Amino acid sequence: DLSAQAQASAAQQFTRGAAEGAALRLRAPRPNTQRRCSGKVRAGLHASLLSSKHGEEGLSLDADVIYKDGFSRVACEVDASPEAARLYFKEHACGSVKDCRLLHLPMEPRMCFDFCREQAEMKFFGIRQGRECYCAPYFHDVSKGGEGVCNSPCEGDSKEMCGGMDKSSLFEMHLCGDSADEATLALEAGAESSAVATAAAAAANRTAVELRALAKSWQLGVCSVEPEGRRVCSLVEGWLSAAEELGQTSAHAGHAALLLDRKVAEVTTLKAEVEGEGATANGTLMSGLELATESAQQLSAKAKGAVAVVNLTVARVGGPILGRAYAKFQDIFEPFGNQSAGVRAVCGLEPIPGEAYAAMAADEPATCADRCLSLSSGVQSCGAFNYQYKDGLATCQLLMAEGLVQPEISMAVPIFEVSSSKVTTMGLTSLACYAKKGFMAGHKKGPLGVQVVREVSA
Numbered sequence: 007d008l009s010a011q012a013q014a015s016a017a018q019q020f021t022r023g024a025a026e027g028a029a030l031r032l033r034a035p036r037p038n039t040q041r042r043c044s045g046k047v048r049a050g051l052h053a054s055l056l057s058s059k060h061g062e063e064g065l066s067l068d069a070d071v072i073y074k075d076g077f078s079r080v081a082c083e084v085d086a087s088p089e090a091a092r093l094y095f096k097e098h099a100c101g102s103v104k105d106c107r108l109l110h111l112p113m114e115p116r117m118c119f120d121f122c123r124e125q126a127e128m129k130f131f132g133i134r135q136g137r138e139c140y141c142a143p144y145f146h147d148v149s150k151g152g153e154g155v156c157n158s159p160c161e162g163d164s165k166e167m168c169g170g171m172d173k174s175s176l177f178e179m180h181l182c183g184d185s186a187d188e189a190t191l192a193l194e195a196g197a198e199s200s201a202v203a204t205a206a207a208a209a210a211n212r213t214a215v216e217l218r219a220l221a222k223s224w225q226l227g228v229c230s231v232e233p234e235g236r237r238v239c240s241l242v243e244g245w246l247s248a249a250e251e252l253g254q255t256s257a258h259a260g261h262a263a264l265l266l267d268r269k270v271a272e273v274t275t276l277k278a279e280v281e282g283e284g285a286t287a288n289g290t291l292m293s294g295l296e297l298a299t300e301s302a303q304q305l306s307a308k309a310k311g312a313v314a315v316v317n318l319t320v321a322r323v324g325g326p327i328l329g330r331a332y333a334k335f336q337d338i339f340e341p342f343g344n345q346s347a348g349v350r351a352v353c354g355l356e357p358i359p360g361e362a363y364a365a366m367a368a369d370e371p372a373t374c375a376d377r378c379l380s381l382s383s384g385v386q387s388c389g390a391f392n393y394q395y396k397d398g399l400a401t402c403q404l405l406m407a408e409g410l411v412q413p414e415i416s417m418a419v420p421i422f423e424v425s426s427s428k429v430t431t432m433g434l435t436s437l438a439c440y441a442k443k444g445f446m447a448g449h450k451k452g453p454l455g456v457q458v459v460r461e462v463s464a
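First residue of the sequence shown: 7, per my numbering; consecutive thereafter.
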């Protein structure tokens, strides 16, 4: 703190400055500058200052009371406020010792603010040459032009400018008294964001787990059959790839929720301490709450971003399965295999690139039918699709006409017939290949038949 002599000198200088008027101006907010409390730069103690102690470690910010809880950048000027009215960080941060580690920390506006906020008579602070911090009751602008600009990056935050060779970056300090209210809002938002992120992570992870389980159970024993068996077996690779992507986004969202939960707990503790201290809450405690609140707000935003990535990934992987079911599905599509005997089918046609989907959903193949119908023209038009359902996971792969075989005179769709016992052994509830009736009847080379490549049983 200022000595009694320095305080008296500062008060005298301030009184003289007010009387001189035009010669030495008390700088008020500029008319076109919005500096409401709700829009201020939030205060927060530099992390390294939180561990400061009295004595050899330097001057702590544990004062009896704080007088400011926020600050705003107001000017870049040549400041001629008297030296006697100023309080310099480099001269007072270490208390009664000549040197301490505080003097070797990189300066930034927040650090300077935390030094100045506990001085009742100080209304502004300035920083020159990237690190020279001082507090002042006013600033005196004597800029005439040609003195340069504030282009010295702050040592502790290169994105901020901390004065120049001749000019000071100047900040006003204010008291809004809303730190606890902002903490409350941050806690509410944090709890909500964490819950949403946790739920999104769990949903994505479950899909990933079920995809891996499906890939493990997909044992038809036809991989050696070229090329149809290879196509059918390649489904495993697609499922595992989707599972990996979903797993990564799930882990990211889960980690974001974990970090947010920890910060919410910290804000809760600090808020209780501040409320317990009431009007006597000191600078370290208030700054700790403000910094934790700001961090919680940032982590909430990151959690929301992680949720957005999860939702986009789930939507892309799920595709039509998460959409509507085609109402006239049975009128337009027909399943292969001997349905009455419980024999299912897997088609060995060439898959359409990028048209394989998976999602936790109801057992409803008509959703994939809607997507197949939308791809009714072009080289990669959809003629059929394979469908699987296991433990709440629906998957489908859209197929094109490439891969038709010609066992005799007419062309045919190659299929693997799978017995009901094999379907049960693999843990599947549903397994089918559905083809458009128009695709089967209206092919350019005549009506298509069905060619059983191999029968698969348990």
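Beta carbons are placed, not taken as given, at the ideal position from N, Cα and C, and that holds for glycine.
Keep in mind that this is a model prediction, so the values were computed, not measured.
Boundaries of the beta strand (DSSP E) in which V80 is found, first to last residue: As a first step, residue 80 must be located in the sequence shown, where it is residue number 74. G76 to E83 is the extent of the beta strand (DSSP E) around V80.
Cβ-based burial, D369 [other Cβ within 10 Å; buried from 16]: Your numbering for residue 369 matches position 363 in the sequence shown. The residue is exposed, with fewer than 16 neighbouring Cβ atoms inside 10 Å.
Assigned secondary structure, H110 (DSSP; H/G/I helix, E/B strand, else coil): Taking the first residue of the sequence shown as position 1, residue 110 is located at position 104. Secondary structure of H110 (DSSP, three-state): helix.
Top-ranked residue by Cα proximity to M366, from A210, M432 and M292: Here residue 366 refers to the residue found at position 360 when the sequence shown is read from its first residue. Measuring from the Cα of M366, the nearest candidate turns out to be A210.
Selected residue, minimal CA-CA separation from A438, among A464, T401 and L276: Position 432 of the sequence shown, counted from the first residue, corresponds to residue 438. Nearest Cα to A438 within the set A464, T401 and L276: T401.
Start and end residues, beta strand (DSSP E) containing R528: Outside the modelled stretch of the chain, which goes from 7 to 464, sits residue 528, for which no answer is possible.
Limits of the unbroken alpha helix (DSSP H) element including A314: For the purposes of this step, residue 314 is identified with residue 308 of the sequence shown, where counting begins at 1. G289 to G324 is the span of the alpha helix (DSSP H), which, as asked, contains A314.
Beta-carbon separation (whole angstroms), L226 vs V238, contact threshold 8 Å: As a first step, residue 226 is located in the sequence shown; it is residue number 220 there, counting from the start. As a first step, residue 238 is located in the sequence shown; it is residue number 232 there, counting from the start. So it is a contact: roughly 6 Å between Cβ atoms.
Beta-carbon contacts of F445 that lie in its chain and below 6 Å, excluding the five residues immediately before and after: Here residue 445 is taken as the residue at index 439 of the sequence shown, counted from 1. Only G389 meet the Cβ criterion.
Contacts around G433, its chain only, beta-carbon distance under 6 Å, and the 5 residues preceding and following it disregarded: As a working note, residue 433 is residue 427 in the sequence shown. Counting only Cβ-Cβ distances below 6 Å, and skipping sequence neighbours, we find S223 and K396.
Reference C160, options G154, G170, E153 and G152, closest by Cα: For the purposes of this step, residue 160 is taken as residue 154 along the sequence shown, with counting starting at 1. Nearest of G154, G170, E153 and G152 to C160, Cα basis: G170.
Buried versus exposed call for K173 [16 or more other C-beta atoms within 10 Å across all chains shown]: On the sequence shown, position 167 is the one that residue 173 refers to. Answer is buried; the Cβ neighbour count reaches 16.
Distance, N157 Cα to S164 Cα: Counting from 1 along the sequence shown, the entry for residue 164 is found at position 158. Counting from 1 along the sequence shown, the entry for residue 157 is found at position 151. Cα to Cα, the separation comes out at about 10 Å.
Touch test, the stretch 109–123 against the stretch 82–100, Cβ-Cβ under 8 Å, three pairs minimum: Enough Cβ pairs lie closer than 8 Å, so yes.
Boundaries of the alpha helix (DSSP H) in which H180 is found, first to last residue: Counting from one through the sequence shown, the residue named residue 180 turns up at place 174. Counting along the chain, H180 falls outside any alpha helix (DSSP H), though it belongs to the beta strand (DSSP E) covering S174 to H180.
Test item: CB-CB of A262 and A309 under 8 Å: To locate residue 262, count along the sequence shown from 1; it is residue 256. To locate residue 309, count along the sequence shown from 1; it is residue 303. Yes, the Cβ-Cβ distance between A262 and A309 is below 8 Å.
The stretch 250–260 contacting the stretch 311–320, beta-carbon criterion three pairs below 8 Å: yes
Sheet register partners of P159 (DSSP bridge): Here residue 159 refers to the residue found at position 153 when the sequence shown is read from its first residue. Paired residues: M167.
Alpha carbon of E166 to alpha carbon of E283, nearest angstrom: Taking the first residue of the sequence shown as position 1, residue 166 is located at position 160. Taking the first residue of the sequence shown as position 1, residue 283 is located at position 277. Distance between the alpha carbons of E166 and E283 is about 33 Å.
Within 8 Å, strictly: CB atoms of L217 and A249: Along the sequence shown, one-based indexing puts residue 217 at 211. Along the sequence shown, one-based indexing puts residue 249 at 243. Contact flag set, yes.
Environment of S306 [buried if 16+ CB atoms lie within 10 Å]: Start at 1 with the first residue of the sequence shown, and residue 306 comes out as number 300. So S306 ends up on the buried side.
Whether F130 touches M179 by CB criterion (8 Å): In the sequence shown, residue 130 corresponds to position 124, counting from 1. In the sequence shown, residue 179 corresponds to position 173, counting from 1. Yes.
Residues that DSSP places opposite M417 in a beta bridge: Taking the sequence shown and counting its residues from 1, the one referred to as residue 417 is at position 411. Its beta-bridge partners do not exist; DSSP assigns none.
E461 versus A205, Q135, V84 and G235, residue with shortest Cα-Cα distance: Within the sequence shown, numbered from 1, the residue matching residue 461 stands at position 455. Nearest of A205, Q135, V84 and G235 to E461, Cα basis: G235.
Proximity below 8 Å, CB of L193 to CB of V103: Within the sequence shown, numbered from 1, the residue matching residue 193 stands at position 187. Within the sequence shown, numbered from 1, the residue matching residue 103 stands at position 97. No, they are not a contact pair.
Simplified DSSP state of P357, which is helix, strand or coil: What you label residue 357 is simply residue 351 of the sequence shown in a count that begins at 1. P357 falls in the strand class under three-state DSSP.
Helix, strand or coil at K451 according to DSSP, with G and I counted as helix: Working through the sequence shown from its first residue, we reach residue 451 at position 445. DSSP places K451 in coil when its eight states are reduced to three.
Span of the alpha helix (DSSP H) around K277: As a working mapping, residue 277 is identified with position 271 in the sequence shown. L241 to E283 is the span of the alpha helix (DSSP H), which, as asked, contains K277.
A464, buried or exposed, once every other Cβ within 10 Å from all chains shown has been counted against 16: Here the question's residue 464 lines up with position 458 in the sequence shown. The residue is exposed, with fewer than 16 neighbouring Cβ atoms inside 10 Å.
Boundaries of the beta strand (DSSP E) in which C388 is found, first to last residue: Here residue 388 is taken as the residue at index 382 of the sequence shown, counted from 1. Counting along the chain, C388 falls outside any beta strand (DSSP E), and DSSP gives it neither H nor E.
Which listed residue (T204, L379 and P233) has its alpha carbon closest to that of P420: The residue labelled residue 420 in the question sits at position 414 within the sequence shown. Ranking the options by Cα distance to P420, first place goes to P233.
Residues near V456 by beta carbon distance below 7 Å, same chain, minus five either side: As a position in the sequence shown, residue 456 is number 450, starting the count at 1. Around V456: F342, A418, V419 and I421.
Coil, strand or helix - C139 by DSSP: Counted from its first residue, the sequence shown places residue 139 at position 133. Three-state result, C139: strand.
Span separating the alpha-carbon of G136 from that of A91: Within the sequence shown, the letter at position 130 stands for residue 136. Within the sequence shown, the letter at position 85 stands for residue 91. Each residue's Cα considered, the two are about 21 Å apart.
Contact set for A287: own chain, Cβ-Cβ below 6 Å, skip 5 residues either direction: Counting from one through the sequence shown, the residue named residue 287 turns up at place 281. Closer than 6 Å at the Cβ level, and outside the excluded window around A287, lie V280.
Beta-ladder partner(s) of S465, from DSSP: For residue 465 there is no data in the structure shown, the boundaries of the chain being 7 and 464.
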